[in-house]
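The block underneath contains the structure these notes are about, expressed in structure tokens.
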Amino acid sequence: MDSKIPRTVPIQSATFTKEVNAEIRRAAATGIYDIRGGGAKRRVPHFDDLLFLGASVSRYPLEGYRERCNTSVTLGTRFAKNPIKLDIPITIAGMSFGALSGQAKEALGRGASSAGTSTTTGDGGMTPEERDHSTKLVYQYLPSRYGMNPNDLRKADAIEVVVGQGAKPGGGGMLLGQKISDRVAHMRTLPKGIDQRSACRHPDWTGPDDLEIKLLELREITNWEVPIYVKISGTRPYFDTALAVKAGADVVVLDGMQGGTAATQDVFIEHVGIPTLAAIRPAVGALQDLGVHREVQLIVSGGVRNGADVAKAMALGADAVAIGTAALIALGDNDPKWEAEYQNLGSTAGAYDDWHEGLDPAGITTQDPELAARLDPIDAARRLRNYLKVMTLEAQTIARACGHNDLCNLEPEDLCALTVEAAAMAQVPLAGTEWYPGKPGTGY
Amino acid sequence: MLTYDLEAEGLRGLNSSLQRQTIDTNQNNWEVVNPKGSHAIAVGLDAEIEVTVRGSTGYYCGGMNQQATIHVEGSVGPGVAENMMSGVIIVDGDASQYAGATGHGGLLVVKGNASSRCGISMKGIDIVVHGNIGHMSAFMAQAGNLVVCGDAGDALGDSLYEAWLFVRGSVKSLGTDCIEKEMRQEHIALLQDLLARAESDAKPEDFKRYGSARQLYNFDVDSNTIY
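As they're listed, the protein sequences go chains Y and Z.
First residue of the first sequence? That's 5 in our numbering, and the numbers climb one at a time after it.
First residue of the second sequence? That's 220 in our numbering, and the numbers climb one at a time after it.
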């Protein structure tokens, strides 16, 4: 062949990328779908696609360091005798003992409590350590009912009936055998070492009419004292929120597709459910249409990372947010200091998501006693507290700049969108315009 | 015996009164009249008291019961004895879906028939049904014993863990990973005790035992087509 003839440059397919091809080869070799932890990693419209407008001639700002900006929020004011009052509108999302080490759960409780907020159990029941270290603990009521008992139910400060999770709408929990230790197996009444794949539906109710009766039962058992949340995934947020309200929820927790999980199929995480940004306005719209916006509080989760995200979620109508993945990172998850060990596991810091294997070098998503001992719950709690404080300060900074003396006063009019997609989802104008797709009265 | 008129006095008063009882009180025997299919009757009890419901109930009668003995002189709606921890619940009539769902302990006796998903996700409860049970019963049942003196519907014990299932009559079909197992002396003795406590005159020797084949406990690519 004449070497002087120009040759076609090899072109990598945009469809069959290196990652796609590697996954095809992995699936062909193993016969099992990819399982991992965390939330959606693909780029989807998110809070970064929104901007705050800030004060100007038409609005005046509050002094950043001198004028008060309230951050407290009260959840569960609709029916419960004892609503939960939080100092900050950032809660810790449900994560199980089993998925996480005992030290990690303790750190979440300590950190959340010192920041004046709540933490949440997960699929596997309540541990004494978790209860003892959490000033305000939300008890998840899940389809599996692992570890579920009325004594723990009555120890809770609120109950969260989990209908859906953003990472896997329509899917059940998963905890693989490597993490089913003696204690986890005992708490869940399961044989040690099995691959636990729990139910996706509640065993004793099926639709919204049943749910209403289930909530009645839970209230009767807990003497109508504690708030009952209903957690839904971001799928059909308008109808799901409306039905949760109809069933009697005090609080609706809305989890978008960036919300994490301990373990599920990658195809589930990346291809089922809608982005958090797209889910908020329909949910708020349902609350408004039913005349219960602010009476039934809305907690939004799924990809909340900083105070700007908190402020944006609240401006779109949320009363509070919940964080999971971000809280784990604050504790020490995916810290570059463990890079050599991540490399040994075939990953790298920032990308490690094989949480189901129980080999987490940071000692967080593991049941291995030696790995778990790497996490000092007190130090980790301090980091979480600091992080929560920073997020709160950031949100306050933005709220004051927009002229608000309370985070709850943030509103859609404070926002604009950088992309047409984000404008359509958030129902706020494209930056520099008065327009967004679907705006009433515009005809398109 | 204390009489509580549910229709006149309301559900909240009933449950709060029953939940306040302790073994130290002398109010250990209660009757509930005019239940009229109400939901969540006698839920969350936690004392060795006896409650007799004179009529039929709605959803979740005796939910999360601990220690108490609840006798329903009628039929019950869905989820009777759901998540029961201990105690005894006796139903003279039939039970709707999910009887004994996720129960951790205690004894549930249904003297009539039980509908679908009886014993779903049970975690240690004992259930004795004098009549038949519906489809998908003992789905994902983890622990405890389900005794059926009549017939069982489709997909009995699907995705079963370590619960034991005993059926005297026919089984329309077994669920995934559920198989017939040997009846040993320990099972006969267990059945004898449960049948006696449930006031059934069925003979243990007439039952067959079903349990988990344990083929789904860990993922195997060659098993995934059986669903």
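Using N, Cα and C, we set each Cβ at its ideal position, and we do this for glycine too.
Note that the coordinates shown come from a computational prediction; the quantities given were computed from them, not determined experimentally.
Under 8 Å between C-beta atoms, does residue i make it to chain Z?
i: Y/GLU229; result: no
i: Y/PRO154; result: yes
i: Y/LEU195; result: Correcting the residue type first, residue 195 of chain Y is Pro in the shown sequence and not Leu. It does: the Cβ of Y/PRO195 has a partner Cβ on chain Z nearer than 8 Å.
i: Y/ALA149; result: A small correction: the amino acid at residue 149 of chain Y is Arg; Ala does not occupy that position in the sequence shown. So, interface residue.
i: Y/ALA84; result: no
i: Y/ALA33; result: no
i: Y/GLY181; result: yes
i: Y/ASP199; result: yes
i: Y/ALA203; result: yes
i: Y/ILE36; result: yes
Should residue i go down as buried or exposed, given a rule of 16 or more other Cβ atoms within 10 Å for buried?
i: Z/VAL291; result: buried
i: Z/ARG403; result: exposed
i: Y/PHE20; result: exposed
i: Y/GLU221; result: buried
i: Y/SER60; result: exposed
i: Y/GLY126; result: buried
i: Y/ILE15; result: exposed
i: Z/GLN411; result: exposed
i: Y/ARG298; result: exposed
i: Y/LYS235; result: buried
i: Y/ASN348; result: exposed
i: Z/HIS258; result: buried
i: Y/HIS190; result: exposed
i: Z/MET220; result: exposed
i: Z/ARG336; result: buried
At the 8 Å Cβ level, is residue i part of the contact set with chain Y, yes or no?
i: Z/PHE426; result: no
i: Z/GLU381; result: yes
i: Z/LEU365; result: no
i: Z/LYS330; result: no
i: Z/GLY282; result: yes
i: Z/PRO297; result: yes
i: Z/VAL386; result: no
i: Z/VAL251; result: no
i: Z/LEU230; result: yes
i: Z/GLN361; result: yes
i: Z/TYR223; result: no
i: Z/SER235; result: yes
i: Z/VAL291; result: no
i: Z/MET304; result: yes
Is DSSP giving residue i helix, strand or coil here?
i: Y/THR34; result: helix
i: Y/SER117; result: helix
i: Y/LEU90; result: strand
i: Y/TYR346; result: helix
i: Y/ASP270; result: helix
i: Y/CYS412; result: helix
i: Y/TRP209; result: coil
i: Z/ARG273; result: strand
i: Z/HIS354; result: coil
i: Z/LYS330; result: coil
i: Y/GLN262; result: coil
i: Y/ILE9; result: coil
i: Y/SER450; result: Beyond the ends of chain Y as shown, which are 5 and 448, falls residue 450 of chain Y; an answer cannot be given.
i: Y/VAL314; result: helix
i: Z/LEU379; result: coil
i: Y/TYR242; result: helix
i: Y/PHE101; result: strand
i: Y/ASN74; result: strand
Give every residue of the same chain whose Cβ lies closer than 6 Å to the Cβ of residue i, excluding the five residues on either side of it in the sequence, and list them in chain order.
i: Y/GLU423; result: The displayed chain sequence assigns Thr, not Glu, to residue 423 of chain Y. ASP53, listed in sequence order.
i: Y/ARG386; result: none
i: Y/ALA84; result: VAL230, PRO231, ASP254
i: Y/LEU180; result: ASP199, HIS360
i: Z/ASP373; result: HIS354, LYS391, SER392
Tell me which residues share the same chain as residue i and place their Cβ nearer than 7 Å to its Cβ, disregarding the 5 neighbours each side in the sequence.
i: Z/ALA266; result: GLN240, THR241, ILE242, GLN286, ALA287
i: Z/ARG416; result: LEU326
i: Y/ALA330; result: VAL308, ARG309
i: Y/ALA319; result: LEU414, GLU415, PRO416, ASP418, LEU419
i: Y/ALA428; result: TYR440, PRO441, GLY442
i: Y/ALA283; result: GLY238, PRO241, LEU258, GLY260
Please go through the same chain and pick out, in chain order, the residues whose beta-carbon is closer than 8 Å to the beta-carbon of residue i, but skip the five residues on each side of it.
i: Z/TYR223; result: GLY232, LEU233, SER236, TRP249, GLU250, VAL251, VAL252
i: Y/GLY336; result: ALA366, GLY367, ILE368, LEU379, ALA384, ARG387
i: Z/GLN238; result: GLY263, LEU264, ASP265
(request) Closer than 7 Å, Cβ to Cβ, to anything on chain Z: give me those residues from the region 206-226 of chain Y, in chain order. (result) PRO207, ASP208, ILE217, LEU220, GLU221, GLU224, ILE225
(request) Name, going along the chain, the residues of the region 321-348 of chain Z whose beta-carbon falls closer than 9 Å to a beta-carbon of chain Y. (result) THR321, HIS323, ARG336, ILE339, SER340, LYS342, GLY343
(request) Give the residues from the region 248-273 of chain Z that approach chain Y closer than 8 Å (Cβ to any Cβ), ordered along the chain. (result) HIS258, ALA259, VAL262, GLY263, ASP265
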